[in-house]
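Asker: Take 1 as the starting number for the sequence shown in the numbering used here and just add one per residue.
For each residue, glycine too, the CB sits at the ideal point set by N, CA and C.
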Amino acid sequence: MFAALLRRDLLLAWRSRADVLVSLTFFIIVACLFPFGVGSDKELLIRIGPGVLWVAALLSVLLSLNRLFAQDYADGTLEQWLLSDTPAPLWVAAKILAHWISTGLPLVLISPLLAVLYELPAEWLPTLAVSLLLGTPILALLGAVGAALTLGVRAGGVLIALLVLPLFVPVLIFGAGAVQAVADGTGATPWLLLLGAGDLAALSLAPLACAAALRLAVESG
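What follows is the structure, given as structure tokens:
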């Protein structure tokens, strides 16, 4: 069932790939605009580059959260899933994974290319990619909880931002801190381990919280 739901959501994401490309395009535009705004000072670009790329990735993930459950809620599919025998956290996890593959993973893959704009040293790029690989799933899991809590609510997109942005801050600190640790020569392992621990904690709690919030949204809707 997990594999079937994952395949279904990935297929739907491919069919509506224009929506998926919006998040990726937003990430690219934000990352490209900063060098124009702060100037061409190499030392400044290197110093702010990891943080800028992380903030752009965070905002791109936030931009895509509003559509995570909206279509299934609108056409009644969500209600059928909640009535099925499949444990709700299982299919919720499948939807979140499909969402991350279609929106978060492209950000990870393109980030080393955008790092060239900030003239980041080549030895920093693997850490940047790994930190995004570990951090963006946490953003997706926490964001899914916010999307479920605001499902069917007017101005839900604004409420999602208010709910999840404070939760995103530690992930941003750990992710950008990993790259900065490499720059300082202290090693990124502790920061990456913190992101890995965050993945495990979010994976164990977020699907349960999402399932409860979705059930509440369907019952109240």
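1) Between the region 127 to 137 and the region 166 to 186, can you find at least three pairs of beta-carbon atoms closer than 8 Å?
2) Establish whether the CB of G49 and some CB of chain B are separated by less than 8 Å.
3) Is DSSP giving S16 helix, strand or coil here?
4) What residue from L45, F36, A4 and T25 has the CA that sits closest to P121's CA?
5) Got a sec? Which residues, its chain only, sit under 6 Å from A93 by beta carbon, not counting five neighbours each side?
6) Tell me the start and end of each unbroken beta strand (DSSP E) in the region 122 to 186 that is at least 3 residues and wholly inside, in chain order.
7) Is it buried or exposed for P21, if we count other Cβ within 10 angstroms and need 16 for buried?
8) Excluding five sequence neighbours on each side, which residues of the same chain lie with their C-beta closer than 6 Å to the C-beta of A213?
9) So is R17 buried or exposed if we call it buried at 16+ other beta carbons inside 10 Å?
10) I need the boundaries of the alpha helix (DSSP H) containing P89, first residue and last residue.
11) Taking one C-beta from the region 53 to 72 and one from the region 101 to 116 each time, how about it: are there three or more such pairs within less than 8 Å?
12) What is the C-beta distance between K42 and E119, in whole angstroms, given that I count them as a contact (C-beta under 8 Å)?
13) To the nearest angstrom, how far is the alpha carbon of V30 from that of P50?
14) Helix, strand or coil for F34 per DSSP?
15) Please report the residue range of the alpha helix (DSSP H) in which S204 lies.
16) Do you know offhand how far A56's Cα is from S111's?
17) Whole angstroms is fine: what's the gap from N66's alpha carbon to A217's?
18) Could you tell me the distance, in whole angstroms, from the CA atom of V145 to the CA atom of S40?
Answerer: Here's the rundown:
1) Contact between the region 166 to 186 and the region 127 to 137 is present, with at least three C-beta pairs closer than 8 Å.
2) Note that chain B does not occur in the displayed structure, where there is just one protein chain.
3) Judged by DSSP in its simplified three-state form, S16 adopts coil rather than helix or strand.
4) P121 has its Cα closest to that of L45, out of L45, F36, A4 and T25.
5) Once the five neighbours on either side are set aside, the close Cβ partners of A93 are P207.
6) Look at the region 122 to 186 and you find no whole run of beta strand (DSSP E) that is 3 residues long or longer.
7) It is Leu, not Pro, that sits at residue 21 in the sequence shown. Around the beta carbon of L21, a 10 Å sphere encloses fewer than 16 other beta carbons of the protein chains shown; the residue is thus reported as exposed.
8) For A213, where only same-chain residues beyond five positions count, the Cβ hits under 6 Å are A148 and L149.
9) So R17 counts as exposed.
10) Run containing P89: A88 to H99, per the alpha helix (DSSP H) assignment.
11) Because the criterion of three Cβ pairs below 8 Å is met, the region 53 to 72 and the region 101 to 116 touch.
12) At roughly 6 Å, the Cβ-Cβ gap stays under 8 Å, so K42 and E119 are in contact.
13) Each residue's Cα considered, the two are about 13 Å apart.
14) Residue state, collapsed to three classes: helix.
15) Element bounds for S204: T189 to S220.
16) Near 10 Å, if we compare the C-alpha coordinates of S111 and A56.
17) When rounded, the distance between both Cα atoms is 14 Å.
18) Whole-angstrom Cα-Cα distance: 40 Å.
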